[in-house]
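**Q** Numbering (UniProt numbering), first residue to last: 1 to 456.
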């Protein structure tokens, strides 16, 4: 059974103090009493009360000073001030110092109880919100992103810098399953905007008309089903972050409206006549080749440049295979807790087997594979046979050969990359956009490699 709520009553008039004690005890509260400043300080130092009812005027102390001391010890402690006069200036000062409310003497005991209940409910709500925010920060903080490989270290350094900056627009690129959503949330929850909303919309989930209403809201009567005013995600994300997932799939007509919003940070609800200004950070993500979409007139080039102020290119899992053992250990621990299992880990042979796989679905696919093994395996230590991976072969690869063959004498990886970049440029007669598509790179990534290998 929960212990009763403790209320400290600070009042020099014995009759008033005892009256409050009787009422609070009758309502199930535990009470402590203090008749002066000295006793109050002793109680505050030695016991942890849940609420204080404090008289402003005491024989040896000023209630305002005691309020300040109490809030310094515990900023969340609700304090209700009691005053026998209408000294507005003292009341105002008390409220500025953090008093929850005040009551004037003579008071109605039922009104006192109502004020006490509101104070306790408000304090509990604030604590729950604070705890929820702390849990979100822990869950989506950078420390929750698994990876110690060089590509991930670089990504994390960039993301941390972005989170601490005043950058208003970020574009996250990367294959499906690489963790673009996690990075977006980590940027938000490690920024000065962490206490404000993180609103997310997937641009593929809604047709153009509904997507516009989802982003910007609508006025009552704007269209047939608009039976009431609706605030959009841009408005609800004020002072926070709006995450636009799969931005490459956004309809062109919505792209035009988004561009106007990004340039002015103002919008109108559908059917509205008033401009609404908001302050928010836009984080967009896509697994599409943006250069190809622009060339095919499926994505506005001006919007791309407006979004691409800061670009974060998430590495594929195959390019950071060194992180696979870490990720596997994390997933085993996670699913042991979830499924109440006692799997001890993954064997070295299984880890080697997993590290050689191409992982087209990236971290999401690895998570699913480990989850399946955890559910079905009877082994205490997971073995290669617990992971029936589907080997995908390149369409251009010779029969019986999974990709490229490593020469017996070995070959520098840079040499292989330079050769492939040269071949892609030769095959496309120097068309950088088409060459980048052949190599599954963005045009900027291709140009970086061309500069690195002096191919200009």
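For each residue, glycine too, the CB sits at the ideal point set by N, CA and C.
Assign residue 215 to one of three DSSP states: helix, strand, or coil.
**A** Residue 215: helix per DSSP, three-state reduction.
**Q** To which residues of the same chain is residue 29 closer than 7 angstroms at the C-beta, ignoring the five residues directly before and after it?
**A** Once the five neighbours on either side are set aside, the close Cβ partners of residue 29 are 4, 5 and 7.
**Q** Is the beta carbon of residue 331 less than 7 angstroms from the beta carbon of residue 367?
**A** Contact: yes.
**Q** Note down the Cα distance separating residue 443 from residue 436, rounded to an integer number of angstroms.
**A** Their Cα atoms are separated by approximately 6 angstroms.
**Q** Quick one: what's got a C-beta closer than 7 angstroms to residue 392's C-beta in the same chain, skipping five residues either side?
**A** Low confidence applies to residue 392: its pLDDT is 44, below 50, so where it sits in the model is not reliable enough to give any reading.
**Q** Have a look at residue 171 and residue 314 and give me their C-alpha separation to the nearest angstrom.
**A** Whole-angstrom Cα-Cα distance: 11 angstroms.
**Q** Buried or exposed, going by whether 16 or more other CB atoms sit within 10 Å of the CB of residue 62?
**A** Per the 10 Å Cβ criterion, exposed.
**Q** So who's on the other strand from residue 200, going by DSSP bridges?
**A** According to DSSP, residue 200 bridges with 243.
**Q** Counting only the same chain and skipping the five closest in sequence on each side, list residues whose C-beta sits under 7 angstroms from that of residue 38.
**A** Taken in chain order, the residues that qualify are 60.
**Q** Applying the criterion that 16 or more other CB atoms from any shown protein chain within 10 Å of the CB defines a buried residue, is residue 70 buried or exposed?
**A** By the neighbour-count rule (16 or more Cβ atoms within 10 Å), residue 70 is buried.
**Q** Excluding sequence positions up to five away, which residues of its chain have a Cβ less than 8 angstroms from the Cβ of residue 144?
**A** If we look at residue 144 and ignore the five residues flanking it on each side, its Cβ neighbours are 138, 182 and 186.
**Q** Grouping DSSP H, G and I as helix and E and B as strand, with all else coil, what is residue 38?
**A** Correct three-state label for residue 38: helix.
**Q** Is DSSP giving residue 345 helix, strand or coil here?
**A** Of the three classes helix, strand and coil, the one that applies to residue 345 here is strand, per DSSP.
**Q** Closest by CA to residue 327, which one among 364, 67 and 304?
**A** Among 364, 67 and 304, the Cα nearest to that of residue 327 is on 364.
**Q** How long is the line joining the alpha carbons of residue 400 and residue 385, rounded to whole angstroms?
**A** At residue 400, the pLDDT of 37 sits below 50, so the modelled position is not reliable; the number obtained from the coordinates is stated separately. Between residue 400 and residue 385, the C-alpha separation is close to 21 angstroms.
**Q** Quick check on this structure: which residue in 241, 213, 57 and 232 has the alpha carbon closest to the alpha carbon of residue 195?
**A** Selected option, being the one with the closest Cα: 241.
**Q** On the three-state DSSP scale, how would you describe residue 398?
**A** Low confidence applies to residue 398: its pLDDT is 38, below 50, so where it sits in the model is not reliable, and the reading given next is rough at best. Looking at residue 398 - three-state DSSP - the assignment turns out to be coil, as it is neither helix nor strand.
**Q** List the DSSP bridge partners of residue 82.
**A** Bridge partners of residue 82: 55 and 103.
**Q** With three or more beta-carbon pairs closer than 8 angstroms as the criterion, would you say the stretch 171-180 touches the stretch 128-137?
**A** Cβ pair count under 8 angstroms is below three, so no.
**Q** Would a C-beta distance cut-off of 7 angstroms place residue 413 and residue 424 closer than the cut-off?
**A** Not closer than 7 angstroms, so no.
**Q** Out of curiosity, what's the CA-to-CA distance linking residue 258 and residue 189?
**A** So the two alpha carbons sit approximately 24 angstroms from each other.
**Q** Applying the criterion that 16 or more other CB atoms from any shown protein chain within 10 Å of the CB defines a buried residue, is residue 245 buried or exposed?
**A** That one is buried.
**Q** In angstroms with no decimal places, state the Cα-to-Cα distance between residue 46 and residue 335.
**A** Cα to Cα, the separation comes out at about 44 angstroms.
**Q** Is it a yes or a no for the stretch 256-272 touching the stretch 207-222, going by three-plus beta-carbon pairs under 8 angstroms?
**A** Yes: the two stretches touch, three or more of their Cβ pairs being nearer than 8 angstroms.
**Q** With burial defined as no fewer than 16 other Cβ atoms inside 10 Å of the residue's Cβ, what is the status of residue 255: buried or exposed?
**A** The residue is buried, with at least 16 neighbouring Cβ atoms inside 10 Å.
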